[in-house]
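Going by our numbering, the first sequence opens with residue 3, and the numbers climb by one from there.
Using N, Cα and C, we set each Cβ at its ideal position, and we do this for glycine too.
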Amino acid sequence: MNNEELLLNKIKAALIKLNIEVEDNFIIIEAAKDKIHGDYASNIAMKLASKQKTNPRALAQQIIDSIDKEGLEKIEIAGPGFINFFMSNETLSNVIDLVLNTKDSFGTNEKINKTVNVEYVSANPTGDLHLGHARGAAIGDSITRILKKAGYNVIREYYVNDAGAQILHLGESLKARYFELYKKKYDLPEDGYQGEDIIEIAKQFKSKYGDKYLEESDENIEIFKDFGMEKELDKLKNDLDEFRVHFDVFSFETTIRKGSALDDLALKMKDYIYEEGGATYLATSKFVDDKDRVIIKSNGEATYFWPDIAYHLNKLSRNADLLIDVLGADHHGYINRMKSALMMNGYSKDSLEVELIQMVRIVKDGEEVKMSKRLGNAIKLRDLVQEVGIDAVRYFFVSRDAATHLDFDLELALSQSSSNPVFYAQYAYARMNNVLSLSTIPLNNKYNLLIDETEFSLMKSLSEYGKIIQDAANERAPYKICNYIQKLSGYVHEFYAKCRILDVNNVDLTGARLSLIKACSIVIKNALELIGVSAPEKM
RNA sequence: GUCCUUGUAGCUCAGUUGGAUAGAGCAACAGCCUUCUAAGCUGUGGGUCAGGCGUUCGAAUCGCCUCAAGGACACCA
């Protein structure tokens with residue numbers, strides 16, 4: 003039990019004694035900003051005063067009178083009616099043993115019987131991942147790690163749109179490059195891909211098939227499509243793997259559309275489908291969309307929306323209680339459209355949640371760098387990782403709320419300067435690790451010797467970890483983990499600068515301090531893992 | 001025009017779901033290494049929380065209006 007929970011239970015018990023009933027989440031315990039106000043504070047008396055027809059300070063006094071004071075140094079009423087709690091040193095230090103005993107599972111919440119399917123990246127396998135994908139990958143992956151830590155069952159999923167025009171262009175582009183290798187001409191489509199990678203794949207195609215597919219006719223295009231996609235997808239998987247982003251399931255549009263799947267779906271949803279001007283519409287405006295959407299164009303082709311509905315239903319049918327899509331911010335209009343379609347099938351509006359990732363603007367020399375995937379001159383994830391390292395890229399991309407625009411300053415990212423906050427945290431970890439490895443003094447639990455202000459800051463900060471994970475999970479907000487890491491690392495550096503840890507003349511204090519920094523190193527490493535950043539033993 | 005996101009120190013951003021004197025980092029300035037890693041620490045300066053009105057014991061946070069920036073509003077993906 004952490005300090006907040008301890009106090010919450012105490013307040014709850016006191017309120018019951020006073021015959022006041024409240025919901026658990028009505029009671030708020032917050033860490034005091036100023037030491038004068040103790041360690042923790044609650045505004046419960048002020049929140050309840052008007053309901054109880056009394057004044058806040060009087061109610062606060064009543065609560066204090068009936069509260070169990072074990073583990074507390076003292077309790078005070080302050081200001082308009084705050085109750086300030088001063089914890090005993092022993093209570094504060096409990097967290098050290100808790101961390102040392104539970105190790106990596108510290109901060110893990112009890113299993114929640116809920117399965118969340120998180121879909122992210124889902125870039126078409128027609129080229130390399132660029133920075134926009136990278137932010138989605140970093141955030142999506144971190145969200146899955148945090149949700150798992152918070153106790154959810156998580157399915158990490160990638161959707162491949164392998165049935166559309168883009169893959170056809172890929173096949174044609176590959177075919178053109180393949181023909182080139184035999185000095186033959188095959189017209190590259192206008193929207194074809196020009197990247198170098200296609201030439202490379204063409205060579206692989208040649209070494210596998212030789213000159214077997216040199217006919218001009220379109221009949222063999224499937225061979226090129228499949229081959230190209232497989233190679234491109236392998237590349238994406240490799241890049242993502244290196245970026246520490248992994249998936250449990252890859253779903254393919256062609257599989258979703260197999261056989262009569264879409265026709266069956268149309269039959270099932272027929273009450274909401276109508277034709278107008280040659281096109282087929284879905285009446286999404288009957289639910290939460292502002293207008294109806296085309297699902298089959300007048301030329302007979304399905305829009306992307308239509309198989310996407312089948313896909314989302316497929317995900318839900320696979321034992322998922324909640325779907326989270328991590329998408330680019332340009333998909334804003336997509337949200338209510340898809341929610342409406344799911345509602346038509348009896349799911350609630352909240353069965354789908356979309357995390358929009360705002361654009362990454364790339365700035366160089368004070369000017370925005372535009373990129374184009376087709377022209378092959380985009381800044382690739384792979385290149386960036388090579389320049390600045392995986393840790394910096396991953397940290398940088400999740401360090402802010404997904405909904406805010408991110409200016410990625412190339413010079414800043416490419417220069418390995420100390421302004422990168424990831425070093426601050428890793429350095430804190432490496433320092434502690436270094437001390438632990440140098441010491442021959444055994445760890446002990448004489449925590450009553452830990453009385454420095456910086457030591458209490460560390461203990462309180464450790465105690466907060468579980469709540470931070472809960473918050474980050476509930477709000478799908480990895481940046482909250484970053485903020486926590488910065489705060490805890492800061493306390494570590496302060497402590498390190500102020501308190502000498504190793505002292506052969508004071509084995510008791512040294513042992514207690516070693517226990518404390520061991521606990522800190524466990525939590526920092528753990529928190530860094532949640533955002534996919536490594537914790538180096540040495541720097 | 002409608003909708004979404006954003007607006008906090010010179011810059012980049014936090015702000016614990018409405019709490020006490022609004023905080024970090026970078027940048028500037030002044031200090032701290034014969035002792036565990038100075039990629040660090042300590043201190044100083046820096047604010048009309050875009051603006052206005054409202055809600056209440058209490059607002060950066062909630063509501064309405066105005067202003068500004070970016071994005072979305074396809075038989076594109």
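{"Item": "In the DSSP assignment, what are the bridge partners of Ala343?", "Value": "None, per the DSSP bridge assignment."}
{"Item": "Would you decide whether Ala15 is buried or exposed? Buried here means 16 or more other CB atoms lie within 10 Å of its CB.", "Value": "exposed"}
{"Item": "What's the gap between the Cα of Lys375 and the Cα of Thr128?", "Value": "Note that Lys375 scores a pLDDT of 42, beneath 50, so its modelled location is shaky; the value from the coordinates is reported in the next line. Each residue's alpha carbon lies about 9 Å from the other."}
{"Item": "Please check the pair Ile225 and Tyr215, which I expect to be a contact at CB under 8 Å, by giving their CB distance rounded to whole angstroms.", "Value": "6 Å"}
{"Item": "Using the three-state DSSP reduction, which class does Leu354 fall into: helix, strand or coil?", "Value": "strand"}
{"Item": "Taking only the alpha-carbon atoms, compute the straight-line gap between Ile297 and Arg339 and give it to the nearest angstrom.", "Value": "11 Å"}
{"Item": "If you run the structure through DSSP and keep just helix, strand and coil, what is Asp36?", "Value": "coil"}
{"Item": "May I have a chain-ordered list of the beta strand (DSSP E) segments no shorter than 3 residues that lie completely inside the stretch 140-180?", "Value": "155-162"}
{"Item": "If you follow the alpha helix (DSSP H) that Lys116 is in, where does it begin and where does it stop?", "Value": "Premise fails: Lys116 is in no alpha helix (DSSP H) and is neither H nor E."}
{"Item": "Return the Cβ separation of Ala140 and Gly391 in integer angstroms, given the expectation that the two are a contact with Cβ distance under 8 Å.", "Value": "So it is not a contact: roughly 13 Å between Cβ atoms."}
{"Item": "What residues in its chain sit with their C-beta under 6 Å from that of Asp250, if we drop five residues either side in the sequence?", "Value": "Ile157 and Arg158"}
{"Item": "Report, in whole angstroms, the separation of the C-beta atoms of Val123 and Gly142, which I expect to be a contact under 8 Å.", "Value": "6 Å"}
{"Item": "Does the stretch 225-244 touch the stretch 275-282, meaning 3 or more C-beta pairs lie closer than 8 Å?", "Value": "no"}
{"Item": "Between Leu183, Asp189 and Gly194, which lies nearest to Ile206 when the distance is taken from Cα to Cα?", "Value": "One detail in the question is off: residue 206 reads as Gln in this sequence, not Ile. Closest by alpha carbon: Leu183."}
{"Item": "By the 10 Å Cβ neighbour count, where 16 or more other Cβ atoms means buried, how is Val162 classified, buried or exposed?", "Value": "buried"}
{"Item": "Using the Cβ count rule (16 or more neighbours within 10 Å means buried), how would you classify Asn21?", "Value": "exposed"}
{"Item": "To which residues of the same chain is Thr286 closer than 7 Å at the C-beta, ignoring the five residues directly before and after it?", "Value": "Asp294, Arg295, Arg339, Ser342 and Ala343"}
{"Item": "Compute the Euclidean distance between the alpha carbons of Glu548 and Cys501, then round it to the nearest angstrom.", "Value": "In the structure as shown, the chain starts at 3 and stops at 541, and residue 548 therefore has no counterpart that could be examined."}
{"Item": "By the 10 Å Cβ neighbour count, where 16 or more other Cβ atoms means buried, how is Phe399 classified, buried or exposed?", "Value": "buried"}
{"Item": "With a threshold of 7 Å on Cβ separation, who are the neighbours of Ser353 within its own chain once the five nearest residues in sequence on each side are excluded?", "Value": "Leu318, Leu324, Leu325 and Leu344"}
{"Item": "Counting C-beta neighbours from all protein chains within 10 Å, is the total for Lys299 16 or more, i.e. buried, or is it exposed?", "Value": "exposed"}
{"Item": "Quick check on this structure: which residue in Leu61, Lys37, Asp41 and His39 has the alpha carbon closest to the alpha carbon of Met48?", "Value": "Leu61"}
{"Item": "In chain order, what residues of the same chain have a beta carbon less than 8 Å from the beta carbon of Met461, not counting five sequence neighbours either side?", "Value": "Leu94, Ser95, Val97, Ile98, Leu452 and Leu518"}
{"Item": "Quick check on this structure: which residue in Lys150, Val290 and Tyr283 has the alpha carbon closest to the alpha carbon of Phe307?", "Value": "Tyr283"}
{"Item": "Measure the C-alpha to C-alpha separation of Val120 and Gly153 and round it to an integer number of angstroms.", "Value": "15 Å"}
{"Item": "Extract the residue ranges of the beta strand (DSSP E) inside the stretch 224-258, only unbroken runs of 3 or more that lie entirely within it.", "Value": "251-254"}
{"Item": "Reducing DSSP to helix, strand and coil, say where His135 ends up.", "Value": "helix"}
{"Item": "Is the number of C-beta pairs between the stretch 429-447 and the stretch 488-495 that are closer than 8 Å three or more?", "Value": "yes"}
{"Item": "In three-state DSSP terms, what is Val24?", "Value": "coil"}
{"Item": "For Met3, which three-state DSSP category applies?", "Value": "coil"}
{"Item": "What is the residue span of the alpha helix (DSSP H) that Tyr195 lies within?", "Value": "Segment: none, Tyr195 is in no alpha helix (DSSP H) and carries neither H nor E."}
{"Item": "Taking the alpha-carbon positions, what's the Leu131 to Ser253 distance?", "Value": "18 Å"}
{"Item": "Report back the beta-carbon spacing between Ile470 and Ile483 to the nearest angstrom; my notes put them in contact at under 8 Å.", "Value": "7 Å"}
{"Item": "Run through DSSP, which three-state label would Ile77 get?", "Value": "strand"}
{"Item": "With a threshold of 8 Å on Cβ separation, who are the neighbours of Lys448 within its own chain once the five nearest residues in sequence on each side are excluded?", "Value": "Asp510, Leu511, Gly513 and Ala514"}
{"Item": "For the alpha helix (DSSP H) containing Gly330, name the first residue and the last one.", "Value": "No alpha helix (DSSP H) holds Gly330; the beta strand (DSSP E) holding it covers Leu324 to Gly330."}
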